[in-house]
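Inspection log for the structure reproduced underneath, given as structure tokens.
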Amino acid sequence: MRPGADSAVTHSGKALILAYDHGLEHGPVDFEDVPASADPETVFDVATHDAVTGFGVQKGLAEAYYPSYENDVTLLAKVNGTSNMWMGEPDSAVNWSVESAADLGAEAIGFTFYGGSNNEVEMAEEFRDAQEAARDRDMGVVMWSYPRGQGLKDDTGGSTIAYASRLGFELGADITKVKYPGSADAMQWACDVAGDTKVVMSGGSKTSDREFLETVETAMSAGASGLAVGRNVFQRENPTELLDALEQVIFEDETADEALGVMSSAESHATTSD
Amino acid sequence: MRPGADSAVTHSGKALILAYDHGLEHGPVDFEDVPASADPETVFDVATHDAVTGFGVQKGLAEAYYPSYENDVTLLAKVNGTSNMWMGEPDSAVNWSVESAADLGAEAIGFTFYGGSNNEVEMAEEFRDAQEAARDRDMGVVMWSYPRGQGLKDDTGGSTIAYASRLGFELGADITKVKYPGSADAMQWACDVAGDTKVVMSGGSKTSDREFLETVETAMSAGASGLAVGRNVFQRENPTELLDALEQVIFEDETADEALGVMSSAESHATTSD
Amino acid sequence: MRPGADSAVTHSGKALILAYDHGLEHGPVDFEDVPASADPETVFDVATHDAVTGFGVQKGLAEAYYPSYENDVTLLAKVNGTSNMWMGEPDSAVNWSVESAADLGAEAIGFTFYGGSNNEVEMAEEFRDAQEAARDRDMGVVMWSYPRGQGLKDDTGGSTIAYASRLGFELGADITKVKYPGSADAMQWACDVAGDTKVVMSGGSKTSDREFLETVETAMSAGASGLAVGRNVFQRENPTELLDALEQVIFEDETADEALGVMSSAESHATTSD
Amino acid sequence: MRPGADSAVTHSGKALILAYDHGLEHGPVDFEDVPASADPETVFDVATHDAVTGFGVQKGLAEAYYPSYENDVTLLAKVNGTSNMWMGEPDSAVNWSVESAADLGAEAIGFTFYGGSNNEVEMAEEFRDAQEAARDRDMGVVMWSYPRGQGLKDDTGGSTIAYASRLGFELGADITKVKYPGSADAMQWACDVAGDTKVVMSGGSKTSDREFLETVETAMSAGASGLAVGRNVFQRENPTELLDALEQVIFEDETADEALGVMSSAESHATTSD
Amino acid sequence: MRPGADSAVTHSGKALILAYDHGLEHGPVDFEDVPASADPETVFDVATHDAVTGFGVQKGLAEAYYPSYENDVTLLAKVNGTSNMWMGEPDSAVNWSVESAADLGAEAIGFTFYGGSNNEVEMAEEFRDAQEAARDRDMGVVMWSYPRGQGLKDDTGGSTIAYASRLGFELGADITKVKYPGSADAMQWACDVAGDTKVVMSGGSKTSDREFLETVETAMSAGASGLAVGRNVFQRENPTELLDALEQVIFEDETADEALGVMSSAESHATTSD
């Protein structure tokens, strides 16, 4: 990581990254419960929320919608990704050149890295090219560090997640996104070994408001610098409300309990004023 | 997709793309029923029909014939393709550089993408290079999005086709060509998840006039922006007549029934005046 | 193909290409019956025959001998090729850059393409690079189109040869060399589907004068634009005599019978004047 | 090797290289016994010890911490490396371009080379690129020469280690790091066959002070030019003390016994003055 | 081959190339019988012998020692090579760019080519790049043409060696080094099929003085242009003496018998004057 390189996608050193590349990674099935979430405009609107420090999308969505949101959204160019339809060791295609992303106005790049895959070596070299191209353009670098592959038995255990966060640091990410390793201690170790690289928790599959906010609170207390979230926001009927609550936990050091209160008041407010 | 980038190969936002790369993809067997269709001049003549918004051919045909048709045909450079003689996971060779296609006068590129193939990652990176080279030259980008490969059980089911159309959108196509998924609802979902990228239906194997036009009508009602067709045009004795009918359904919002009427009158007319 | 690009290696639209890359493709075993044929000077001398429109050799031979023949021989740079000692799916190495071939004075390139090989995709992309580099230098492009590989049961059947000649056309060759498919009808179909690309018959293994000339006559009547020949010329004791006869069949529209007469008179003449 | 090219990372022709890329190669598990060693600042501080002639780290650590230490630490850019999570023949990713390393201030590069791996050919070509890029920038080249792979039965035997040190020399390293081959004679042969390339002993897993220093003494007597060490320094509670002792053995020609005396006094000193 | 391109590494059209890359190809085991041969200085000194027309070494040795010998040794940069520790089809790494070799003062390049290996296609393309880069710098090109691999049953038979020498010629080598095929006739055929490319005999494993010189004599009579030798020189106690004898056989057309006489007088001389 390069000191300060993350500043474009953090506020006061904290990050709340909204990721919306599920149409590529999982397919439209992720939009079925909330069909409006298939419409990028809906989610770009959500990304204008003040708490969102970066919005991670693939090239196609950025080309089509970012020009209309360039004053309200911070573009994080997710430069690699792939469908889940094929078979074989984990890999990801580099779909977007950093040069093109910069031309469009991206302030940081996002890169998925499958440490432990038999394709790790190739992916690390692709990351090198993207990271150095980002450095040349003063763009931040966010790594989605997800160990997986034939050689890995437990891809969310504490030592795996700590390894994941260290990989981000060693290879030169400014922010590393890792899955929550299941306990505050394990999360703390993952943050401790990451040097000055910021560690953000991956939102994962949709859970209840309380469960989700409590995990975020725990992660923040353990040293995380924020959250990178997708489904837990856009698969909700009212994504903005949850972002209000996350803002409290991530930026205002409030507890999940306090933030849930905000959600309720927000809901009441909404029912009277909308 | 980039707003407006498709304009060179659409009329009023609708597309009727004539594709003629079957000699490469399937071999001369596709010309056997109508031997004249083996002669590019015959098909280039068909492509001068007003309703055709783009004519997709490989480099060799474009080099030989396009210079004589440059005022009457909009060239869509099909930059990849392969024979069906070899074995293994789906793949396609990039046979034409975008630079060379632009020099020849192409206004858009066509690119086959086999999502789900074990070669998907490599193909996506080749698409990236072609797409970005097209952007640099203000050319449109049309993706033939055909999921297939060892990991796919059903390559024309609704969720597969919706994934196919979303892939085109996420990766940066302006127009995505998908197979008809079998029902109006499935086609609508495929269009709904494609953002601002236009979805066109693939013509597929030759069928009866009525069946074909009714499918096109259904697709248009479901949100499709048109059609990319090959065999259903050039394997007919009178391709122009069918194009007349398609023009009605795609650009004039007429029903298949109404358009079939046009075909009959066209035929009567033809029998008296030709 | 690009109109006129073949003119450097055709006379009046017809081609008689002498190929001499057997030392690479088959090894010196091809020279054993006529040891003098191992000496490039012998074969370069043959290539000075007026009827020869292009002489196809690999880089090493061209570097060593072409400078002495540059006024009398038209150099067709055979830019790929490989030995027959290794195992696996058909492939061919690109042994000569087009830039280097052009510097040496080549007027066209020759490229072997194994459609149907599991290496077809890679070979097509190598062909693209060579073809476009040739276009940039106004050099002609001749494809040796030889479908073969694990997926092909019959590599000289009519439909395979028609596919072979169509591949040359679709991918941008000016002249496509195919094996004789066994009948006039099959040869005609192979020529019919090749658009404006010229189709030349491959000479193949050495046969009798009569059999060879009759096949050439048949191919020419079926629409072929000539012949690309190696062993049937240089494995003969008197290659010049056969070239005299081929000249009659290919350029003077004579029959094999008439041409065989020329050979006899040529022989008589030779015995008296030499 | 190029005469003098190693001077940036040697003192009086001797080298004591501190390597700290274990977070990438082994993961945070290497930091568990001494958790402070997970913090790069701790280890960068150690690297300011006068005896350390070069500090080998990956890009991420160098970007984050080297700017604060550039007057006190000599940066040796470890340009390749990989996690131990994946399966297959040994390989290593090139994570850092030499150009970027030079821009950051590195005075030499470090490169792991797995001779004997089925990936040896590819790794040697990557080494070539890195070595020549280093030459262009007057940077030193240190090879971690570790034969391993399916074809190797004994990767620390005398003949293997001698081969390892010869490989460094033949391929152009200025300094080659090899594992200790188990005896003074074997170490001497490994040094004898290395030409003018300097051979340094790899520190390996943590052992007792005495065992470690005695091995270093033996290696130096056998012709080694120093040591490249990681865990045997940073996994100690008091790394500086061991560096004091190593300084005696490597640069002052003292015995392990004498150096252990230094350590005791150092410890006494430490307990009174710290 | 390009006329005259070999002149830098031949005298009067004959070559005696000393090769010393065994430390890479076989490892230090080749130095065990004569340990001094592990020291490049010893062998560089041998290479100053007047009869040696070129000295073939890898980059590391050239960087370290050639600058001290540039007036007395003709540098032949052996640009590829690999260890014998790994498994799989024969291959060789390109360890040295031609540009870097030229900068150091090399007058020719040496390149190992394993025709018949399943890696032949890739190696031929690497040879193309090296050969053309050498042409651009007016450097000679020497091919070590060693057919081997899964598809080859007999890699020193007459037809294999003739194929090997023809491959060097077809692909553009100025000098081709082949193994002795076992008989004068087979050697003559190998020379006959090589066009103007010079064929030199490979020295092979160490044999007796008489046996070795007689084989060289036979090869020269059969048309060879010299010898490329390593172990048969540097594994001898008195390499210079053998070079004196080889000089007689290769450059002075003397018999092995006559040359052996020279060796005896040399030995006598040596015992009195040293």
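Protein chains in written order, with the working numbering: chain A, 1 to 274; chain B, 1001 to 1274; chain C, 2001 to 2274; chain D, 3001 to 3274; chain E, 4001 to 4274. Beta carbons: idealized from backbone N, C-alpha and C, even for Gly.
Please classify arginine 2210 (chain C) as buried or exposed, where buried requires at least 16 neighbouring CB atoms within 10 angstroms. Taking the first residue of the third sequence as 1, we reach residue 2210 (chain C) at position 210. It is exposed - the Cβ of arginine 2210 (chain C) has fewer than 16 other Cβ atoms within 10 Å.
Is the CB of threonine 1272 (chain B) under 8 Å away from at least one CB in chain C? In the second sequence, counting from the first residue as 1, residue 1272 (chain B) sits at position 272. With a pLDDT of 34 at threonine 1272 (chain B), under the threshold of 50, the modelled position of that residue is not reliable, and the figure given next carries that caveat. Not one chain C Cβ lies under 8 Å of threonine 1272 (chain B).
At a CB-CB cut-off below 7 Å, which residues of chain B make contact with proline 2147 (chain C)? In the third sequence, counting from the first residue as 1, residue 2147 (chain C) sits at position 147. The answer, in chain order, is Met1085.
Whole angstroms are fine: how far does the CA of methionine 143 (chain A) sit from the CA of glutamate 4126 (chain E)? On the fifth sequence, position 126 is the one that residue 4126 (chain E) refers to. On the first sequence, position 143 is the one that residue 143 (chain A) refers to. Rounded to whole angstroms, glutamate 4126 (chain E) to methionine 143 (chain A) spans 36 Å at the Cα level.
Which two residues bound the contiguous alpha helix (DSSP H) that contains valine 4029 (chain E)? Locating residue 4029 (chain E) in the fifth sequence gives position 29, where the first residue counts as 1. That residue, valine 4029 (chain E), is in no alpha helix (DSSP H); it is neither H nor E in DSSP.
Measuring only between beta-carbons, confirm whether glutamate 3170 (chain D) sits less than 8 Å from chain E. Locating residue 3170 (chain D) in the fourth sequence gives position 170, where the first residue counts as 1. Judged by the 8 Å Cβ criterion, glutamate 3170 (chain D) is in contact with chain E.
Could you list the residues in the region 2157-2168 of chain C with a C-beta less than 7 Å from some C-beta on chain B, going in chain order? Ser2159, Ala2162, Tyr2163, Arg2166 and Leu2167
Reduced DSSP category for asparagine 80 (chain A) - H, G, I as helix; E, B as strand; rest coil: Here residue 80 (chain A) refers to the residue found at position 80 when the first sequence is read from its first residue. Looking at asparagine 80 (chain A) - three-state DSSP - the assignment turns out to be strand.
Below 8 Å on C-beta distance, what does methionine 1 (chain A) contact in chain D? Within the first sequence, the letter at position 1 stands for residue 1 (chain A). Within 8 Å Cβ-Cβ: Gly3060, Glu3063 and Ala3064.
Can you grab the Cα-Cα spacing for the pair threonine 4271 (chain E) / serine 4159 (chain E), in whole Å? Reading the fifth sequence from its first residue, position 271 is the one you call residue 4271 (chain E). Reading the fifth sequence from its first residue, position 159 is the one you call residue 4159 (chain E). Reliability fails at threonine 4271 (chain E), whose pLDDT of 35 lies under 50, so the model's placement of it is uncertain and the value that follows must be treated cautiously. Going from the Cα of threonine 4271 (chain E) to the Cα of serine 4159 (chain E) covers about 46 Å.
Proximity winner among D:Phe3055, D:Glu3032, D:Lys3206 and D:Ser3165, relative to alanine 3190 (chain D) (alpha-carbon distances): The count along the fourth sequence starts at 1 and reaches residue 3190 (chain D) at position 190. Looking at the Cα atoms, D:Ser3165 is the closest of the given residues.
Could you check whether the Cβ of tryptophan 2189 (chain C) sits closer than 8 Å to any Cβ belonging to chain B? Here residue 2189 (chain C) corresponds to residue number 189 of the third sequence, with the count starting at 1. Yes, tryptophan 2189 (chain C) lies at the interface with chain B (some Cβ there is under 8 Å from its Cβ).
If the cut is a Cβ gap below 7 Å, which residues of chain A does asparagine 1118 (chain B) touch? On the second sequence, residue 1118 (chain B) is found 118 positions in, with the first residue counted as 1. What asparagine 1118 (chain B) touches in chain A: Trp86, Met87 and Gly88.
Which residues does DSSP pair with valine 249 (chain A) in a beta bridge? As a first step, residue 249 (chain A) must be located in the first sequence, where it is residue number 249. None, per the DSSP bridge assignment.
Extract the residue ranges of the beta strand (DSSP E) inside the region 157-212 of chain A, only unbroken runs of 3 or more that lie entirely within it. 175-178 and 198-202
Length of the line joining the Cα atoms of methionine 2187 (chain C) and alanine 2222 (chain C): As a working mapping, residue 2187 (chain C) is identified with position 187 in the third sequence. As a working mapping, residue 2222 (chain C) is identified with position 222 in the third sequence. Cα to Cα, methionine 2187 (chain C) sits roughly 6 Å from alanine 2222 (chain C).
For a cutoff of 8 Å on Cβ pairs, would you count glycine 3223 (chain D) as touching chain E? Within the fourth sequence, residue 3223 (chain D) is the residue found at index 223, counting from 1. It does not: the Cβ of glycine 3223 (chain D) has no partner Cβ on chain E nearer than 8 Å.
Opposite glycine 3140 (chain D) in the DSSP bridges: which residues? Counted from its first residue, the fourth sequence places residue 3140 (chain D) at position 140. According to DSSP, which records beta bridges pairwise, glycine 3140 (chain D) is partnered with D:Ala3108.
Where alanine 3130 (chain D) falls: helix, strand or coil (DSSP): By 1-based counting over the fourth sequence, the position of residue 3130 (chain D) is 130. In the structure shown, alanine 3130 (chain D) sits in a helix (DSSP, three-state: H, G or I).
Contact list for the region 128-148 of chain A against chain B, Cβ threshold 7 Å: none
If we count the other Cβ atoms within 10 Å of its Cβ and call it buried at 16 or more, is glycine 1004 (chain B) buried or exposed? Stepping through the second sequence from its first residue, residue 1004 (chain B) is reached at position 4. With fewer than 16 Cβ atoms within 10 Å of its Cβ, glycine 1004 (chain B) is classed as exposed.
I want to verify the contact list: residues of chain C whose CB lies under 7 Å from the CB of asparagine 1095 (chain B), in sequence order. Working through the second sequence from its first residue, we reach residue 1095 (chain B) at position 95. Those are Ala2124, Arg2128 and Leu2171, listed as they occur along chain C.
Tell me which residues of the region 2236-2252 of chain C have at least one Cβ-Cβ distance to chain E shorter than 7 Å, keeping chain order. none
Using a Cβ cut-off of 8 Å (strictly closer), state whether leucine 2024 (chain C) contacts chain E. For the purposes of this step, residue 2024 (chain C) is identified with residue 24 of the third sequence, where counting begins at 1. Closer than 8 Å: yes.
Do leucine 2243 (chain C) and methionine 2201 (chain C) have their beta-carbon atoms positioned less than 8 Å apart in this structure? For this step, residue 2201 (chain C) is matched to residue 201 along the third sequence. For this step, residue 2243 (chain C) is matched to residue 243 along the third sequence. No, the Cβ-Cβ distance between methionine 2201 (chain C) and leucine 2243 (chain C) is not below 8 Å.
Given a threshold of 16 other Cβ atoms within 10 Å of its Cβ, counted over all protein chains shown, does alanine 4036 (chain E) qualify as buried or as exposed? Sequence index remark: in the fifth sequence, residue 4036 (chain E) carries index 36 (1-based). Alanine 4036 (chain E) should be labelled exposed.
Using 8 Å as the limit for Cβ to Cβ distance, is aspartate 209 (chain A) near chain D? Looking up residue 209 (chain A) in the first sequence gives position 209. For aspartate 209 (chain A), the answer is no, since every Cβ of chain D falls outside 8 Å of its Cβ.
Express the C-alpha separation of alanine 47 (chain A) and isoleucine 1175 (chain B) in angstroms, rounding to a whole number. Along the second sequence, read from residue 1 onward, the residue named residue 1175 (chain B) stands at position 175. Along the first sequence, read from residue 1 onward, the residue named residue 47 (chain A) stands at position 47. Near 26 Å, if we compare the C-alpha coordinates of alanine 47 (chain A) and isoleucine 1175 (chain B).
Neighbourhood of phenylalanine 234 (chain A) by C-beta, 6 Å cutoff - its chain only, sequence neighbours within 5 removed: Within the first sequence, numbered from 1, the residue matching residue 234 (chain A) stands at position 234. Excluding sequence neighbours, phenylalanine 234 (chain A) sits near Ser37 and Val43.
Sequence-distant residues of the same chain with beta carbon closer than 8 Å to serine 4007 (chain E), five excluded per side: Against the fifth sequence, residue 4007 (chain E) aligns to sequence position 7. Closer than 8 Å at the Cβ level, and outside the excluded window around serine 4007 (chain E), lie Gly4140.
According to DSSP, what are the bridge partners of lysine 14 (chain A)? Here the question's residue 14 (chain A) lines up with position 14 in the first sequence. DSSP lists A:His11 as partners of lysine 14 (chain A).
Which whole-angstrom value describes the C-beta separation of glutamate 3132 (chain D) and serine 4097 (chain E), a residue pair presumed to lie in contact below a C-beta threshold of 8 Å? The count along the fourth sequence starts at 1 and reaches residue 3132 (chain D) at position 132. The count along the fifth sequence starts at 1 and reaches residue 4097 (chain E) at position 97. Confirmed, about 6 Å.
Threonine 4197 (chain E) to proline 2040 (chain C), Cα distance in whole Å? Here residue 4197 (chain E) refers to the residue found at position 197 of the fifth sequence. Here residue 2040 (chain C) refers to the residue found at position 40 of the third sequence. For threonine 4197 (chain E) and proline 2040 (chain C), the distance between alpha carbons rounds to 11 Å.
Checking contacts by CB at 8 Å: is alanine 1015 (chain B) closer than that to chain A? Position 15 of the second sequence, counted from the first residue, corresponds to residue 1015 (chain B). Answer no: the Cβ-Cβ gap between alanine 1015 (chain B) and chain A never drops below 8 Å.
Check whether the region 3073-3080 of chain D touches the region 3046-3062 of chain D, taking contact to mean three or more Cβ pairs, one atom from each stretch, closer than 8 Å. yes
Report whether the distance from the Cβ of glutamate 120 (chain A) to the nearest heavy atom of the ligand ZN is below 7 Å. With respect to small molecules bound, the structure shown includes none, and the ligand ZN cannot be examined in it.
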